[in-house]
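Everything below concerns the one structure shown next.
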Amino acid sequence: MFPTSISNAQGPPSPDFYPSSSVRSIGFNQGFRNLWGSQHQSIGQDSLNIWLDRSSGSGFKSISPYRSGYFGAAVKLQAGYTAGVITSFYLSNNEAHPGNHDEIDIEFLGTTPGKPYTLQTNVFIRGSGDSNVIGREMRFNLWFDPTQDYHNYAILWNTIEIIFFVDDVPIRRYPRKDDATFPLRPMWVYGSIWDASSWATEDGKYKADYTYQPFVGKYSNFKVGGCTTYESASCRPPSGSPSGSGGLSGQQYAAMVWAQRNYKVYDYCRDPRRDHTQTPEC
1 MFPTSISNAQ GPPSPDFYPS SSVRSIGFNQ GFRNLWGSQH QSIGQDSLNI WLDRSSGSGF
61 KSISPYRSGY FGAAVKLQAG YTAGVITSFY LSNNEAHPGN HDEIDIEFLG TTPGKPYTLQ
121 TNVFIRGSGD SNVIGREMRF NLWFDPTQDY HNYAILWNTI EIIFFVDDVP IRRYPRKDDA
181 TFPLRPMWVY GSIWDASSWA TEDGKYKADY TYQPFVGKYS NFKVGGCTTY ESASCRPPSG
241 SPSGSGGLSG QQYAAMVWAQ RNYKVYDYCR DPRRDHTQTP EC
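Be aware that the sequence shown starts at 1, since it is given in the UniProt record's numbering, and climbs by one per residue.
Have a look at this one:
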């Protein structure tokens, strides 16, 4: 049973611009490879299923590193008890810079029956997600049930901004205000499903329960459009707005305000428990 307040909610206002339409879809094998948990991965012609059970989770990684681009996938999440389980799609250079890496996250935090999934967006800069744990989390519930169908989730990243999209609706824009608070080094695209019982669901109150295994994340409609590290400096990534020069149009901004006003449930900049000297962009 999905909460009435979510299932009956009106849809978002039209952003009137759809960045996903400018990036062609690719098959999993055209852009990605298994990274770990190969026995917990099933590849179809246009889709990928990965799953977590008591023995292992699974993850995948793009073939190429990118210095900018639009990166998306359609994802369908598992219904029922999924507490402690994270299904993700993200950018990272952790393997190139262990302990000092950058990361841009879309993470679905598992839940208990009757409560909605939480979509967490996050940005780490130069290891601040490792020992120092300076996260830049913004979390949302969604205006639909993400277990009922595939929905498109995407990250647009270039040298001036990061924009997170859900079905082409911008839900968060993180502008570059200072080099120290913005990821600029090349990153790969990843996805994974894993056990994060210590924190994922209501700060670790509810843990993964393997009587409900396997926990399955379903992916399709992969979109990777951007500039790899091997391309010339003249390469230009797709734009997130009709202007082509960054930022959001008026209608995109109105759609983002709608999403944040109605569905944002946490914002690191507004958390009085946080030390905001560590996040000067706030």
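Where a beta carbon is used, it is the ideal one built from N, C-alpha and C, also for glycine.
Helix, strand or coil: how does DSSP classify residue i here?
| i | result |
| --- | --- |
| C227 | strand |
| Q78 | coil |
| A102 | A small correction: the amino acid at residue 102 is Asp; Ala does not occupy that position in the sequence shown. Here D102 sits in coil by DSSP. |
| R173 | strand |
| R270 | helix |
| A180 | helix |
| Y212 | helix |
| I125 | coil |
| H151 | strand |
| T118 | strand |
| F222 | strand |
| F144 | coil |
| G135 | coil |
Only counting the same chain, and skipping five residues up and downstream in sequence, which positions put a Cβ closer than 6 angstroms to that of residue i?
| i | result |
| --- | --- |
| K264 | F140 |
| N93 | H101, D102, R185 and M187 |
| T228 | S64 and Y66 |
| V23 | Y70, K223, G225 and P238 |
| K76 | Y150 and K218 |
| T147 | L77 and A79 |
| W258 | P12 and P13 |
| S198 | G204 |
| C269 | C282 |
Hey, does residue i have any beta-carbon neighbour from chain D nearer than 8 angstroms?
| i | result |
| --- | --- |
| A208 | Of the protein chains in the structure, only one exists, and it is not chain D. |
Looking at C-alpha atoms only, which residue of the options is the closest neighbour of residue i?
| i | options | result |
| --- | --- | --- |
| T34 | I134, K61 and D46 | Rather than Thr, the amino acid found at residue 34 in this sequence is Asn. For N34, the nearest C-alpha among the options comes from K61. |
| G225 | P19, G11 and Q10 | P19 |
| R172 | E231, I104, V189 and L109 | I104 |
| R180 | G72, I134 and K76 | Here the sequence assigns Ala to residue 180, which means Arg is not the residue at that position. Taking only the C-alpha atoms, the option nearest A180 is I134. |
| V169 | A96, G37, P146 and G240 | G240 |
| G84 | Q78, L77, Y90 and T111 | T111 |
| L91 | L109, V257, G80 and F32 | F32 |
| R236 | S68, D267 and P146 | S68 |
| T277 | T87, F28 and R136 | R136 |
| F89 | S220, I125 and G244 | S220 |
| W143 | G27, A255 and P280 | A255 |
| I162 | D145, P183 and V216 | P183 |
| P15 | Y206, Y253, K177 and A74 | Y253 |
| C282 | Y174, N29 and G44 | Y174 |
| G72 | Y153, K205 and S56 | Y153 |
| Y212 | A200, N158, W51 and F28 | W51 |
Between which two residues does the alpha helix (DSSP H) containing residue i stretch?
| i | result |
| --- | --- |
| R261 | G250 to Y263 |
Taking the beta strand (DSSP E) that residue i falls in, what are its first and last residues?
| i | result |
| --- | --- |
| D195 | W188 to D195 |
| T279 | Element bounds for T279: n/a, residue is neither H nor E. |
| I162 | E161 to V166 |
Among the residues of its own chain, which have a CB less than 8 angstroms from the CB of residue i, if the five just before and after it don't count?
| i | result |
| --- | --- |
| N8 | Bear in mind that a pLDDT of 40 at N8, under 50, signals an unreliable position, so the number given afterwards is only what the model happens to contain. Same-chain partners within the cutoff: there are none. |
| Y190 | L35, G59, F60, K61, S62, S88, F89, Y90, L91 and S92 |
| T159 | S68, R176 and L184 |
Can you determine whether any heavy atom of the ligand GDP sits closer than 7 angstroms to the C-beta of residue i, and answer yes or no?
| i | result |
| --- | --- |
| S58 | In the structure on display, the ligand GDP does not appear, and there are no ligands present to speak of. |
Ordered along the chain, which non-local residues of its own chain (more than five positions away) have a Cβ less than 7 angstroms from that of residue i?
| i | result |
| --- | --- |
| D267 | M138 |
| D46 | G27 and S220 |
Exercise. Unbroken beta strand (DSSP E) runs of length 3 or more, entirely within the stretch 15-86: which are they?
Worked result: 32-36, 41-43, 47-52, 58-62 and 66-76
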